[in-house]
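In the numbering used here, the protein residues as written are 1 to 350.
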């Protein structure tokens with residue numbers, strides 16, 4: 001499809017993107033401005049999916065920098081979902097009573113152009129918690145018995161070495177009240193070669209249910225290599241969930257979104273959340289209206305298996321939590337069927 005088919009390393013700078021044929025040389029100066037502010041990384045696995053002859057390519061739109069990223073809107077925020085206010089110690093976000101985020105690293109295999117943590121990830125951020133900070137984070141978790149689930153995110157936890165991941169999982173395994181460990185990642189699709197038997201074994205934690213949530217936004221991301229990487233995890237007894245961000249120009253039509261949900265289910269990944277995009281700086285070009293998202297969910301409900309139905313959610317700006325914002329089907333004494341027909345409910349006697 002492109003010169004990227006032969007790439008052997010991750011592209012991390014505009015000149016490398018130009019050399020691969022993904023951006024024209026005359027745009028280098030403007031893209032250097034973007035890259036100076038927001039991290040760039042396109043792995044070989046993602047690069048080989050990009051069609052440089054398609055100006056609307058949905059993979060390129062997710063990962064190649066654009067000057068629009070420097071166009072910040074008044075309603076946008078460097079911390080759009082209010083992580084900082086809910087962080088009792090570095091690396092921990094405790095927003096909900098029974099679960100915490102543990103951000104062990106701020107590095108990712110690829111950097112999404114719409115990332116809601118784009119101000120705190122990348123090469124200019126600390127790569128991982130310092131040992132003393134990690135000790136404090138785990139002490140906080142151990143000291144709060146209401147914490148039932150720990151969600152490893154960041155950054156992408158699967159960019160950590162198997163040695164470091166294994167050590168972290170073993171330490172979580174010693175905290176009795178933690179019963180579930182969930183890892184949020186793009187790695188199985190973005191860098192499938194990282195999923196090795198050694199890494200899979202490192203994810204095991206004694207007495208814990210371990211889940212992996214894959215972030216994927218377009219069906220082309222579920223390549224044979226990505227599906228094989230996911231199969232390694234699933235065959236080892238680690239269930240997988242799917243997370244997707246609703247993105248204008250990437251997956252905001254029923255055919256594309258439906259194909260992605262089916263690709264996940266075919267790969268034994270249960271679609272979990274469809275996220276409404278957050279108000280991160282420079283991401284207006286990706287946002288849709290909630291009414292558009294609801295229309296898409298209605299289309300999925302009418303045509304796709306129940307296994308393919310994610311929950312459409314909004315993270316309320318300012319740190320007020322995540323809520324479902326999918327369409328409603330009850331209106332007074334009527335219920336709407338998946339194809340738009342309306343029916344009395346409760347049914348009247350005949």
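Quick reminder that beta carbons are idealized off the backbone N, C-alpha and C, glycines included.
Using a Cβ-Cβ cutoff of less than 8 Å, which residues in the same chain neighbour residue 35 once the five nearest sequence positions on both sides are dropped?
Cβ neighbours of residue 35 beyond the five flanking positions: 13, 14 and 65.
C-alpha distance - residue 277 paired with residue 167, whole-angstrom precision
Residue 277 and residue 167: Cα-Cα distance of roughly 34 Å.
If you compare alpha carbons, which of 257, 243 and 175 is closest to residue 249?
257
Given that a residue counts as buried once 16 or more other Cβ atoms are within 10 Å of its Cβ, and exposed if not, what is residue 196?
exposed
Sort 309, 222 and 240 by Cα distance to residue 184 and report the nearest one.
240
Would you call the CB atoms of residue 32 and residue 98 closer than 8 Å?
no
Start-to-end residues for the beta strand (DSSP E) that takes in residue 303:
Careful: residue 303 lies outside any beta strand (DSSP E), inside the alpha helix (DSSP H) at 290 to 303.
Proximity to residue 340 [Cα-Cα], best of 319, 322 and 301:
301
With DSSP as the reference, identify every bridge partner of residue 275, one or two as the case may be.
245 and 313
In whole angstroms, give me the CA-to-CA distance for residue 182 and residue 100.
10 Å
Between 245, 191 and 347, which lies nearest to residue 311 when the distance is taken from Cα to Cα?
245
What does a CB cutoff of less than 6 Å around residue 68 pick up in its chain, not counting 5 residues either side in sequence?
285
Give the C-beta separation of residue 265 and residue 307 to the nearest angstrom, bearing in mind that I take them to be a contact with Cβ-Cβ under 8 Å.
5 Å
Burial state of residue 344, where buried means 16 or more other Cβ atoms lie within 10 Å:
Note on residue 344: under 16 other CB atoms within 10 angstroms of its CB, so exposed under the neighbour-count rule.
Can you tell me which of 176, 199, 220 and 163 puts its alpha carbon nearest to the alpha carbon of residue 189?
220
Cβ distance (whole Å) where residue 254 is taken to contact residue 314 below 8 Å:
About 20 Å; that fails the 8 Å criterion.
According to the Cβ coordinates, are residue 152 and residue 102 closer than 8 Å?
yes
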